[in-house]
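Trainee: Structure below; questions to follow.
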Amino acid sequence: GAVVSQHPSWVICKSGTSVKIECRSLDFQATTMFWYRQFPKQSLMLMATSNEGSKATYEQGVEKDKFLINHASLTLSTLTVTSAHPEDSSFYICSAMGQANTEAFFGQGTRLTVV
Amino acid sequence: GENVEQHPSTLSVQEGDSAVIKCTYSDSASNYFPWYKQELGKRPQLIIDIRSNVGEKKDQRIAVTLNKTAKHFSLHITETQPEDSAVYFCAASIGHDMRFGAGTRLTVKP
Chain L
16 GAVVSQHPSW
26 VICKSGTSVK
36 IECRSLDFQA
46 TTMFWYRQFP
56 KQSLMLMATS
66 NEGSKATYEQ
76 GVEKDKFLIN
86 HASLTLSTLT
96 VTSAHPEDSS
106 FYICSAMGQA
116 NTEAFFGQGT
126 RLTVV
Chain G
240 GENVEQHPST
250 LSVQEGDSAV
260 IKCTYSDSAS
270 NYFPWYKQEL
280 GKRPQLIIDI
290 RSNVGEKKDQ
300 RIAVTLNKTA
310 KHFSLHITET
320 QPEDSAVYFC
330 AASIGHDMRF
340 GAGTRLTVKP
């Protein structure tokens, strides 16, 4: 299957700082990328859907000014958690879909801890 | 928009028994139904999928059935093994709009 790489796999940051997470499709062009938040033992909560070259579509309740999503190329999307607070600590995971198929490929996830 | 419900949220079976996870979806236009397995600390990975023009699909010990009329689909795992223990997610999609169920934590006891 196709490969999606997410970086970093874990990050610890101080409260009030911003953190950027990258999601790359390594061997296919990802026309659509999805960002999820996953709490321990819970489901994948879709935060936003981004299509290359256009603004992300955020799910209800997700603050677009806090979780900035950029999908500037067909192989890269970034999620920036701005002014992070301890309650933002979570597991963030991306997935990507190519033009030709409907299977979504997941990145390995990023464990964010805000102290 | 699409809404996917998944049951049960947790499932515990004895090794060798079968496990069934059920999902329902709300949008009759959904045409692709994948199932993902997420092992502890790892990324979700596709284990089987089915499209709306097919009623059943099987791959060794796993099978998926789809009832378009009732808008529900199910995952069946036979002869379960401890390594089947994981969280399983169903999803329903139309094009690039994919929605996941809440997940089922399957535990296979040896």
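Chains as they are written, first to last, in the numbering used here: chain L, 16 to 130; chain G, 240 to 349.
We put the beta carbon where it would ideally sit given N, CA and C, even for glycine.
Nearest chain G C-beta to S58(L) closer than 8 Å, yes or no?
Mentor: On the first sequence, position 43 is the one that residue 58(L) refers to. With 8 Å as the cut-off, S58(L) counts as an interface residue toward chain G.
Trainee: Can you give the beta carbon distance from T249(G) to T343(G), rounded, assuming they're within the 8 Å contact cut?
Mentor: Indexing the second sequence from 1 puts residue 249(G) at position 10. Indexing the second sequence from 1 puts residue 343(G) at position 104. Indeed, because the Cβ distance is near 7 Å, the residues count as touching under 8 Å.
Trainee: In whole angstroms, what is the alpha-carbon distance linking G76(L) and K29(L)?
Mentor: Position 61 of the first sequence, counted from the start, is the residue given in the question as residue 76(L). Position 14 of the first sequence, counted from the start, is the residue given in the question as residue 29(L). Rounded to whole angstroms, G76(L) to K29(L) spans 24 Å at the Cα level.
Trainee: Assuming G122(L) contacts S20(L) under a Cβ cut-off of 8 Å, what Cβ separation, rounded to an integer in Å, is found between them?
Mentor: Mapped onto the first sequence, residue 122(L) falls at position 107. Mapped onto the first sequence, residue 20(L) falls at position 5. Between S20(L) and G122(L) the Cβ distance is about 6 Å, and since that is below 8 Å, they are a contact.
Trainee: Would you kindly check if the distance between the Cβ of L91(L) and the Cβ of Y107(L) is under 8 Å?
Mentor: The residue labelled residue 107(L) in the question sits at position 92 within the first sequence. The residue labelled residue 91(L) in the question sits at position 76 within the first sequence. Contact flag unset, no.
Trainee: Mind checking if A119(L) is an interface residue toward chain G, Cβ cutoff 8 Å exclusive?
Mentor: Locating residue 119(L) in the first sequence gives position 104, where the first residue counts as 1. Closer than 8 Å to some Cβ of chain G, the Cβ of A119(L) qualifies, so yes.
Trainee: Could you check what DSSP says for E318(G) in three-state terms: helix, strand or coil?
Mentor: In the second sequence, residue 318(G) corresponds to position 79, counting from 1. It is coil, neither helix nor strand.
Trainee: Name the DSSP beta bridge partners of Q284(G), please?
Mentor: By 1-based counting over the second sequence, the position of residue 284(G) is 45. Q284(G) is bridged to K276(G).
Trainee: In angstroms, rounded to a whole number, what distance separates the CA positions of S24(L) and T308(G)?
Mentor: Against the first sequence, residue 24(L) aligns to sequence position 9. Against the second sequence, residue 308(G) aligns to sequence position 69. Each residue's alpha carbon lies about 42 Å from the other.
Trainee: By Cβ distance below 7 Å, which residues in the same chain neighbour Q284(G) in space, the five residues on each side in sequence not counted?
Mentor: Along the second sequence, one-based indexing puts residue 284(G) at 45. Correct list, in chain order: Y275 and K276.
Trainee: Between the region 254-271 of chain G and the region 310-325 of chain G, do at least 3 Cβ pairs fall closer than 8 Å?
Mentor: yes
Trainee: Closest by CA to T346(G), which one among D288(G), D256(G) and R282(G)?
Mentor: Counting from 1 along the second sequence, the entry for residue 346(G) is found at position 107. Here the closest residue by C-alpha is D256(G).
Trainee: Put E102(L) into one of helix, strand or coil per three-state DSSP.
Mentor: The residue given as residue 102(L) occupies position 87 in the first sequence. Residue state, collapsed to three classes: helix.
Trainee: Among E254(G), R290(G), K281(G) and Q253(G), whose alpha-carbon lies nearest the alpha-carbon of S267(G)?
Mentor: Numbered from its first residue, the second sequence carries residue 267(G) at position 28. Out of E254(G), R290(G), K281(G) and Q253(G), R290(G) has the C-alpha closest to the C-alpha of S267(G).
Trainee: Select from F272(G), E244(G) and Q299(G) the residue whose C-alpha is nearest the C-alpha of E118(L).
Mentor: Mapped onto the first sequence, residue 118(L) falls at position 103. Answer by Cα proximity: F272(G).
Trainee: Hey, which unbroken runs of the beta strand (DSSP E) at 3 residues or more fall wholly within the region 25-62 of chain L?
Mentor: Taking only runs of at least 3 residues, the beta strand (DSSP E) segments lying wholly in the region 25-62 of chain L are 25-28, 34-40 and 45-53.
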